[in-house]
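Input: a single structure, listed below in structure tokens.
Residue numbers (the working numbering), protein chains in the order written: chain A, 466 to 911; chain B, 466 to 911.
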């Protein structure tokens, strides 16, 4: 079966346009930038993510003979397009803001510089990768900020939107500061710590819960986490207390318990009491079910005795904001800046750079969006990451990106670390960029 | 690279439990059912989808030598699990409600009957496939009901949650009655009609819009759809009027125009006026951008002259309800019914059947959820689809499923066809099932 990562994972209009460009000989250099137009209601920053998968896509993009045959069989395309696709390799340049960087609307996360048909062909899948990972990393960052010091794990694969959403969520949330994910493929693909407990069905197949706990602990003696809410959570906790000494004599330590239903805060307090009274002060409490950043904030404010959270679809589908308004827009063609003027969807023309300044407290103070060679004060965020289809330098590992993200989150202005978005981080448009935009308006309207 | 459809696309806890089951010799027959617990706020029915992909997953599920080597390298698992996985093939039975059937909470969409470790191992990915496709088909059905006779197309791949979400959305929305999708892979994989127009960038690379329109029409002369809102939509429409006769002399007909920004309803009326006055009464108007079922309903109520809608992330991420509360629960083990009692998450034990009755108007009147062999009146919805790992009969094509869905939507009671959920379709629990649940309560609580 044709894999999901096939170049056929694209919109038909990309192929239609490439056909037209080939017919017209329009293959001069084009510059496209991917950016987010505006933030969802409760977001005040983005955490850039997805670049490494986007670069892997560009590096390996090739049509197989079977895919070419299928395209031919549709009889939609002429020989020149078929030949072009059969020999296609991405040989363009890519500039980007590194993954794990805090960023804002209108700031280009990725810029593609390539002959027009090539830059056009990659549009759909590039957006598909960058939009989703950036959305999830940004969502996960809110959870990380809301629950400092807590163990957060991605449990969302089952109700993620397909296999890739589950995989990308594991990566993007790990980058943002999660401890790990339940998704085994995320371990294999990205080296992300894989975590897991047990299901209610495990308890149900046993005639009594105590036997289920003991059997599970003996089968999986490392880092034992027992799910105690299948029937009666408090009774489950008491069974853990009863079982612990017996397991201990066999060298098996119970690491924690998990609660997956009911009033998690109230139950965690009761369970903490039972465990402590039973001498199990070191046994941690994990909870799952309906966890989002607001729940985390409330749990922290109330000092609920919960050590870790398994977070499902609230993370993997970014439930409160399951999409970002984003675009991949032509900013320059054949050396000339281009600008789209559709109502409510105006874009900034030209190749751009983002300059960031910091206050004396080392917190981010404001950005300037400028043309690429129009020097401003501050650090530049956009750097070359691919030249002529080859990566520049070696790719940072997810763990390295995670460290960068932690530094970035620590440098966010305090209002941006809150769950409510009440503060607009200043992103100034440079004079030269404003002037170019005004000039481009006149030219394209004329 | 390990594909997304790898059996490693699973939660670690599945492997942990299979390890324990193998150690314990717990491999008696287990029955799990997948069902939705409750409907999102604005839903009043579900449209079952995803079964065919779920069965393909079960049929082809195999660990590659590389995957087995990786699992070994983690040093998490014992030899008995590694051997079990290395030789794994799914040989269980599957019963299901056919795709394209309207259904309701607590009704099992899919039942798996297999030795316990086998039935457990497939949980995560089965939910991942069934949850998403059913959610999207149910969302798309609302759009189809809101806009009878209109051409609806899935344009959502770019901001779908990864590649598979885009592919599955194309399939699920087509089943529900969409005309087609922009995703090329959906054409290759499922034979779904692939549709597409052009991007703003195509217009932008040309020095004037008229030349862009003419070039696109000549390059893609079949079913030409011109995007007219890059600069000024009304001016774009007038250029189409001017261009049409010239193209006609060369045998090229303009099929339609597309508007992707601004006040779509107001603009569609103006554009319709311009096209009609210019003798282009047959040229259709397509719109895109922010379309959902409420917009569709409003457009229909106002008789807006729009012929088709490209629908993006509102469909592909089911924006208003991006997840369903669903479960894959153990209902029977070793011949004995099982029931989970966690607070707020009670399940119905045993193997079940759904019986559906119709009124004299041929509309659905109510369902009964019963034990499998407890005959009730009405038609049965659950049928065998896989025996000992092999499909029963041949799989219906997406087009056949789409026909079934159209019949189902026509048989929905009138209140269920509205966008607001104010009517609870009656799903009665049979006496024997109620009695068994009560009896199972006593046994498992004891």
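Idealized CB from N, CA, C, for every residue including glycine. Computed from a prediction, not measured in an experiment: that's the story for all the values here.
is_contact[residue 798 of chain A, chain B] using C-beta, thresh 8 Å: yes
Kindly indicate if chain B contains any beta-carbon less than 8 Å away from that of residue 524 of chain A. no
Contact check, residue 846 of chain B vs residue 562 of chain B, beta carbons under 8 Å: yes
Helix, strand or coil at residue 865 of chain B [DSSP, three-state]: Note: residue 865 of chain B maps to helix in three-state DSSP.
So, at 7 Å on beta carbons, what are the nonlocal neighbours of residue 473 of chain B in its own chain, with the 5 sequence-adjacent residues on each side left out? 467 and 532
CB-CB length for residue 795 of chain A against residue 670 of chain B, believed under 8 Å: Residue 670 of chain B and residue 795 of chain A do touch by the CB rule: their CB atoms are close to 7 Å apart, below 8 Å.
Name, please, each residue of chain B whose Cβ falls closer than 7 Å to the Cβ of residue 680 of chain A. 485 and 489
Who are the near neighbours of residue 682 of chain B in its chain, counting only those whose CB is closer than 6 Å to its CB and skipping five residues on each side? 689, 712 and 717
Closer than 8 Å, CB to CB, is residue 663 of chain A near chain B or not? yes
Whole-number beta carbon distance between residue 782 of chain A and residue 788 of chain B, since they are thought to touch under 8 Å: 5 Å
Quick one: what's residue 752 of chain A bridged to in DSSP? A:724 and A:774
Quick check: what's the CA-CA separation for residue 883 of chain A versus residue 660 of chain A? 28 Å
Best match in B:590, B:665, B:539 and B:580 for proximity to residue 753 of chain B [C-alpha to C-alpha]: B:665
Would residue 850 of chain A and residue 832 of chain A qualify as a contact pair, given that the criterion is a beta-carbon distance under 8 Å? no
With distances taken between CB atoms, is the gap from residue 475 of chain B to residue 869 of chain B smaller than 8 Å? no
Cross-chain neighbours of residue 478 of chain A in chain B, by beta carbon under 7 Å: 647, 661, 662, 663 and 664
Taking the alpha carbon of residue 590 of chain B as the point to measure from, which residue in A:627, A:686 and A:554 has its own alpha carbon closest? A:627
Coarse secondary structure for residue 797 of chain B, derived from DSSP in three states: strand
Counting only Cβ-Cβ distances shorter than 8 Å, please list the residues of the region 620-641 of chain B near chain A, keeping chain order. Residues of the region 620-641 of chain B with a Cβ closer than 8 Å to any Cβ of chain A, in chain order: 620, 622, 623, 624, 625, 626, 627, 628, 629, 630, 631, 632 and 633.
Alpha carbon of residue 735 of chain A to alpha carbon of residue 721 of chain A, nearest angstrom: 15 Å
Pick helix, strand or coil for residue 636 of chain B, following the three-state DSSP scheme. Residue 636 of chain B: helix per DSSP, three-state reduction.
Test item: CB-CB of residue 758 of chain B and residue 608 of chain B under 8 Å: yes
Listing by chain order, which chain A residues have their CB less than 7 Å from the CB of residue 735 of chain B? Chain A residues near residue 735 of chain B: none, gap ~13 Å exceeds 7 Å.
Have a look at residue 507 of chain A and residue 771 of chain A and give me their C-alpha separation to the nearest angstrom. 25 Å
Rounded C-alpha distance that separates residue 470 of chain A from residue 856 of chain A: 20 Å
Any C-beta of chain B within less than 8 Å: which residues of the region 595-612 of chain A qualify? 596 and 597
Using a beta-carbon distance cut-off of less than 9 Å, what residues from the region 494-524 of chain B approach chain A? 495, 497 and 521
Compute the distance between the beta-carbons of residue 874 of chain B and residue 516 of chain B, then report whether it is under 8 Å. no
Could you have a look at residue 535 of chain A and say whether DSSP puts it in helix, strand or coil? helix
Apply the 10 Å Cβ neighbour rule to residue 823 of chain B and answer buried if 16 or more other Cβ atoms are within range, or exposed otherwise. exposed
Could you name the residues of the same chain whose beta carbon sits closer than 6 Å to that of residue 729 of chain A, not counting the 5 residues immediately before and after it, in chain order? 752
In whole angstroms, what separates the C-alpha of residue 894 of chain B from that of residue 503 of chain B? CA-CA distance, residue 894 of chain B to residue 503 of chain B, rounds to 15 Å.
Short CB-CB distance (under 8 Å) between residue 527 of chain B and chain A: no
Kindly indicate which residue of B:511, B:521 and B:498 has the alpha-carbon position closest to the one of residue 859 of chain B. Nearest of B:511, B:521 and B:498 to residue 859 of chain B, Cα basis: B:521.
Hey, residue 549 of chain A and residue 487 of chain A are a contact pair by Cβ (cut 8 Å); roughly how many whole angstroms apart? 6 Å
In whole angstroms, what separates the C-alpha of residue 641 of chain B from that of residue 840 of chain A? 54 Å
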